[in-house]
Amino acid sequence: MCYHGAPMGLTRQNIVQMAVLLSGCLLVVLTYTLLAPALPVIMREMSVSETEVQWLTSVYAMVEAIVIPMNAFLLGRISVRKLFAGSFVLFAAASLMAAVAPSF
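In this note's numbering, the protein residues as written are 2 to 105.
Following this line, the structure appears as structure tokens:
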């Protein structure tokens, strides 16, 4: 089905909304892009084995596999804006905690 309404104007609010949306998408892409070359450094600096690093990437993917359907469930209960903002804050907080963790 195609909707042929009036074209959406390019307002400041639309630009800010798109910037926020794209920043969330960029974080996901950056995470996977930066993880692969960082794995040898993680292994060396944290003194962990290849098996443990494989678990790291597997658990990250499993968490994503759980969170994606959970988001669909939550969308029926809260607004898209609140869900996106909450997810963004949770991801940023978890990334910050991982960055400052004293050990693996």
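The beta-carbon is built from N, C-alpha and C at its ideal position, and this holds for glycine as well.
Remember, predicted model here, so these are calculated numbers, not experimental data.
Residue i versus residue j - alpha carbon distance
{"i": "ALA66", "j": "ILE16", "result": "30 angstroms"}
{"i": "SER104", "j": "MET98", "result": "11 angstroms"}
{"i": "LEU31", "j": "SER24", "result": "10 angstroms"}
{"i": "GLU46", "j": "VAL60", "result": "20 angstroms"}
{"i": "ILE33", "j": "ARG13", "result": "Checking the displayed sequence, the identity of residue 33 turns out to be Tyr instead of Ile. The alpha-carbon atoms of TYR33 and ARG13 are separated by roughly 31 angstroms."}
{"i": "ALA62", "j": "VAL29", "result": "11 angstroms"}
{"i": "ALA39", "j": "CYS26", "result": "20 angstroms"}
{"i": "PHE85", "j": "LEU11", "result": "22 angstroms"}
{"i": "LEU22", "j": "PRO41", "result": "31 angstroms"}
{"i": "VAL90", "j": "ILE79", "result": "16 angstroms"}
{"i": "LEU36", "j": "VAL64", "result": "16 angstroms"}
Contact set for residue i: own chain, Cβ-Cβ below 8 angstroms, skip 5 residues either direction
{"i": "ILE43", "result": "VAL49, VAL54, LEU57 and PHE105"}
Close Cβ partners of residue i (< 7 angstroms) along its chain, the five nearest in sequence each way excluded
{"i": "ILE101", "result": "The question names Ile, but residue 101 in the sequence shown is Val. Excluding positions up to five away in sequence, the list is empty."}
{"i": "PHE92", "result": "LEU28"}
- Task: Determine contact between the stretch 70-77 and the stretch 47-55, defined as no fewer than three beta-carbon pairs at a distance below 8 angstroms.
- Result: Counting Cβ pairs under 8 angstroms, fewer than three are found: no touch.
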